[in-house]
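Protein chains in written order, with the numbering used here: chain A, 38 to 337; chain B, 482 to 837.
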Amino acid sequence: MRNIWKVFIFLLLLSPAFAKIKVVCTLPTLSSITKEIGGDKVEVITLAPGDRDPHYVEPRPSMVVNLRDADLLVKVGMDLDMWVDALVDASRNTKIMWGSPGYVDCSVGIKKLEVPKGRVSMKEGEIHIYGNPHYWLSPDNGEIIAKNILAGLLRVAPSGDKEYFKKRADSFISRLREKAKEWKEELRPYKGTKFVSYHRSFSYFAKYFELDYFGTLEPKPGIPPSTAHIANLINDMKREGVKLILLETYYPRKFADMVAKETGAKVVVVPSAVGAMKEADNYFSLFDVIINRIKGALKG
Amino acid sequence: MRHIVLLSLLVLALLPLTFAQNENTTSEEETPPPPRGSIMKALQLPEISIVGNIYSLFSSNKEDEDRNKVKLEEVELALQSWIYPTIRGDVIMSIHEHINPATGERESHAHIEEGYVSFLNLGKGFTLKAGRMRVGLGKENPIHPHHRLYVDNPSILTTLFSEHGLISDGATLSYLFPTKTFTQLDLSTWQVVFPEAGEGMPGLEKTLHTARLWISTPYKDGELESGISGARGAGDEPVKIYGFDMTFKRWPSAFGRDLLRTEFFKAKHSTDKVSGWYLLGAHKFTKYWEGALRLDNSELVGGGREKALSLIASNYMTETSILRFEYQYADNPSGADNRFWVQVIFGMGPHAHPLE
């Protein structure tokens, strides 16, 4: 009987060593990269599905329970997923509050684009004061996100797991670099291609793959397309020969179709994040799907 | 010796400057931006925001003083910041018109609607809020008017808590149960500030103790929330209020949302007994448009009953600016009334409220 107790106490003492690190990610893109680094030593929970506009996620009380038990919070930052802040406050979990070891803002170290200068207001639409937050759509930035997540995991992980995370992060980064070369090669023939999208979701993508971001169907971020703006955009697209419209999965198609009809451009529905389409179920397939769809449209 | 003293004083005077310079050279790359980002540079300023609420009421009731006028209903000025790593401070000032119960005249009031500190981690799942707050009795009362899906309040809330809701000075101890289902218990003690004497339910003008149990769980592709609330006044003739609320929300598409909410209240005082409910259904068609329907059925303080049907359409221009239309048919002891509101809510600056 005494031996059984000894075994029981031994197992009890060992259990924390086998406990997985609980990571809560605001969006599936971050979850995908976290799983690449964390492997089977992390349990990843995603708060918002990938087929939603990440700007507009309604916080739910049930999300508080996930955050209460989390060791690490991984967020996009730059005010994109600020809906998580009220949930973190409600969770009472100081481990994941801003400035704590379990708080990971993946935008740290990103070379930010479209950072507004001077005084900003809603006159510019729903502008992000820290710049365009859709930075994960550049493989370069995927590497920075991975490094930020790794740094977070190293802060909270037991010392025995640290080498495991470092190795997996190295492996992810080297695979990403290889794939990025392939993706770049695939889009090289289309270098300088002008395109428009609904929202300005593809700035980092365009910069990395050397495409020319011509404009957006929204006149300003978050502001619905107006007749005057669409008319101007059609004229400009005709004049400049813009033949590609990238449409994020969650925006209405009618404005894109209207512009396509007038300009002869092709509308290509693309995922702007992991989970936005079934095929784009991880960080690698996200780029595969976008690039294949762009190539398909421009070839034909 | 005097030089040494002068040199020491100079060094001491320069020390804060040295530290300040060190702080300024901390690059953005090393420090993540603060949550609810509004502070671009290292300024020790709170987040400042303003929310305005303007409406125009057209009513068949010729005795309604607000009829056929454009009215600034309220301006909310919010100052919000962290005051310690786990403590937040929130001050929300409200400027609005208010009927003076003594004279019956409309007067402009500027008052602190809320001003409280939130101790967000007392350990073991507890938090504490102290100061002036919208009382957490039921689902809608704690929600600020500009966050609601309609222009006017449901009859039962106006009957019990007056036009501007139940606002009190006090403290709330909140406990998040360590369960897989979100379960939170709030226990509070208050000195009622609003409604003022003569408004709302009799007996509310004194000390009040409230409790609310809030449970929420994912259900299918949505979330099912329910709450039970209770309040008991102090004094010789205490008021007792019981409430039940239930909300179901689902998000069938990227911007779509369906909401079904009901609240029931029963209040008892030696001079009055009031009960009532409302049922609210809303459907968000697109990113920009939402339609809603509300049914009200409430006894009134002093006798009688109001029944109302409201149809509401909201256009979300941005996250903080809304254009809203509401038609209401109401039947109460003074007769039947057709009302139509046009409302504009406008927001400036970063504005946040706790989880609602």
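For every residue, glycine included, the Cβ atom is placed at its ideal position computed from N, Cα and C.
Mark residue i as exposed unless 16 or more other C-beta atoms lie within 10 angstroms of its C-beta, in which case mark it buried.
i	result
E95 of chain A	exposed
Q665 of chain B	buried
S815 of chain B	exposed
E528 of chain B	buried
P195 of chain A	exposed
L678 of chain B	A small fix is needed here, since residue 678 of chain B is Ala in this sequence, not Leu. Exposed is the call here.
N130 of chain A	buried
I328 of chain A	buried
S697 of chain B	buried
D726 of chain B	buried
G229 of chain A	exposed
Q672 of chain B	exposed
Assign residue i to one of three DSSP states: helix, strand, or coil.
i	result
N602 of chain B	strand
M727 of chain B	strand
Y235 of chain A	coil
L760 of chain B	strand
K620 of chain B	coil
W770 of chain B	strand
S508 of chain B	With a pLDDT of 39 at S508 of chain B, under the threshold of 50, the modelled position of this residue cannot be trusted, and the question is left open.
D717 of chain B	coil
S263 of chain A	coil
E554 of chain B	strand
G703 of chain B	strand
H628 of chain B	helix
K543 of chain B	coil
T131 of chain A	helix
L836 of chain B	coil
R742 of chain B	strand
N819 of chain B	strand
P497 of chain B	Model confidence at P497 of chain B stands at a pLDDT of 39, short of 50, so the residue's coordinates are unreliable and nothing is read from them.
V152 of chain A	coil
V102 of chain A	helix
V279 of chain A	coil
L335 of chain A	helix
T300 of chain A	helix
K204 of chain A	helix
Please list, in chain order, all residues of the same chain as residue i whose beta carbon is under 8 Å from its beta carbon, the five residues on each side excluded.
i	result
G703 of chain B	F729, K730, R731, W732 and D739
I70 of chain A	G179, I182, A183, I186, F209 and Y320
L213 of chain A	P176, G179, E180, A183, Y320 and F321
R10 of chain A	With chain A represented from 38 up to 337, any question about residue 10 of chain A goes unanswered, as that position is not in the structure.
E510 of chain B	Annotation note: pLDDT 49 at E510 of chain B (below 50); position unreliable, coordinate value reported separately. Once the five neighbours on either side are set aside, E510 of chain B has no close Cβ partner at all.
L191 of chain A	K199, F202 and K203
Ignore the nearest five residues each way along the sequence and tell me which others in residue i's own chain have a CB closer than 6 Å to its CB.
i	result
P683 of chain B	H750, T752 and D753
I648 of chain B	R615, V674 and F675
E837 of chain B	I624
T507 of chain B	The predicted model places T507 of chain B with a pLDDT of 33, which falls under 50 and marks its position as unreliable, so this point remains unresolved.
G830 of chain B	I529 and S530
R786 of chain B	E780
G868 of chain B	The question about residue 868 of chain B has no answer here: the residues shown for chain B are numbered 482 through 837.
L284 of chain A	Y235, A293, V304 and V306
L741 of chain B	F729 and G762
Name the DSSP beta bridge partners of residue i, please?
i	result
W173 of chain A	According to DSSP, W173 of chain A bridges with nothing at all.
M614 of chain B	B:S649
I573 of chain B	B:A559 and B:E595
M829 of chain B	B:I531
W732 of chain B	DSSP, once it has assigned bridges, lists no residue as partnering W732 of chain B.
E316 of chain A	BP columns for E316 of chain A are empty, so no partner.
D198 of chain A	BP columns for D198 of chain A are empty, so no partner.
A748 of chain B	B:I722 and B:V755
Q809 of chain B	B:S791 and B:R820
Output needed for residue i: all residues of its chain with C-beta closer than 7 Å, excluding positions within five of it in sequence on either side, in chain order.
i	result
Y288 of chain A	Y235 and H236
Q502 of chain B	A caution first: Q502 of chain B carries a pLDDT of 35, below 50, which makes its placement in the model unreliable, though a value can still be read off. Once the five neighbours on either side are set aside, Q502 of chain B has no close Cβ partner at all.
P626 of chain B	N534 and E555
I166 of chain A	D116, P153 and V157
Verify the contact flag: residue i, CB atom, against every heavy atom of the ligand ADP, threshold strictly below 8 Å.
i	result
N185 of chain A	Although the ligand ADP was asked about, the structure shown includes no ligands whatsoever.
Are the stretch 294-308 of chain A and the stretch 153-173 of chain A touching, with three or more C-beta to C-beta distances below 8 Å? Contact between the stretch 294-308 of chain A and the stretch 153-173 of chain A is not established, with fewer than three Cβ pairs separated by less than 8 Å.
contact_flag[the stretch 74-93 of chain A, the stretch 184-192 of chain A] where n(CB pairs < 8 Å) is 3 or more: Yes: at least three Cβ pairs fall under 8 Å.
Does the stretch 542-550 of chain B touch the stretch 588-597 of chain B, meaning 3 or more C-beta pairs lie closer than 8 Å? Taking a cut-off of 8 Å on C-beta distances, the stretch 588-597 of chain B does not touch the stretch 542-550 of chain B, as fewer than three cross pairs fall below it.
Would the stretch 818-831 of chain B and the stretch 651-671 of chain B be scored as touching if the rule is three or more Cβ pairs under 8 Å? With a cut-off of 8 Å on Cβ pairs, the stretch 818-831 of chain B is not in contact with the stretch 651-671 of chain B, counting fewer than three such pairs.
Touch check for the stretch 196-213 of chain A and the stretch 222-235 of chain A: three-plus C-beta pairs under 8 Å? No: the two stretches stay apart, fewer than three of their Cβ pairs being nearer than 8 Å.
Just checking, does the stretch 605-615 of chain B make contact with the stretch 703-718 of chain B on the three C-beta pairs under 8 Å criterion? No contact exists between the stretch 605-615 of chain B and the stretch 703-718 of chain B.
Can you find at least 3 beta carbon pairs, one from the stretch 566-574 of chain B and one from the stretch 534-546 of chain B, that sit closer than 8 Å? Under the Cβ criterion (8 Å, minimum of three pairs), the stretch 566-574 of chain B does not count as touching the stretch 534-546 of chain B.
Inter-stretch contact (C-beta, 8 Å, three-pair minimum) for the stretch 81-94 of chain A and the stretch 131-139 of chain A: By the criterion of at least three beta-carbon pairs nearer than 8 Å, the stretch 81-94 of chain A is not in contact with the stretch 131-139 of chain A.
Inter-stretch contact (C-beta, 8 Å, three-pair minimum) for the stretch 252-266 of chain A and the stretch 312-319 of chain A: Touching, no.
Would you call the stretch 806-815 of chain B in contact with the stretch 782-796 of chain B, where contact means no fewer than 3 C-beta pairs closer than 8 Å? The stretch 806-815 of chain B makes contact with the stretch 782-796 of chain B; the number of CB pairs closer than 8 Å reaches 3 or more.
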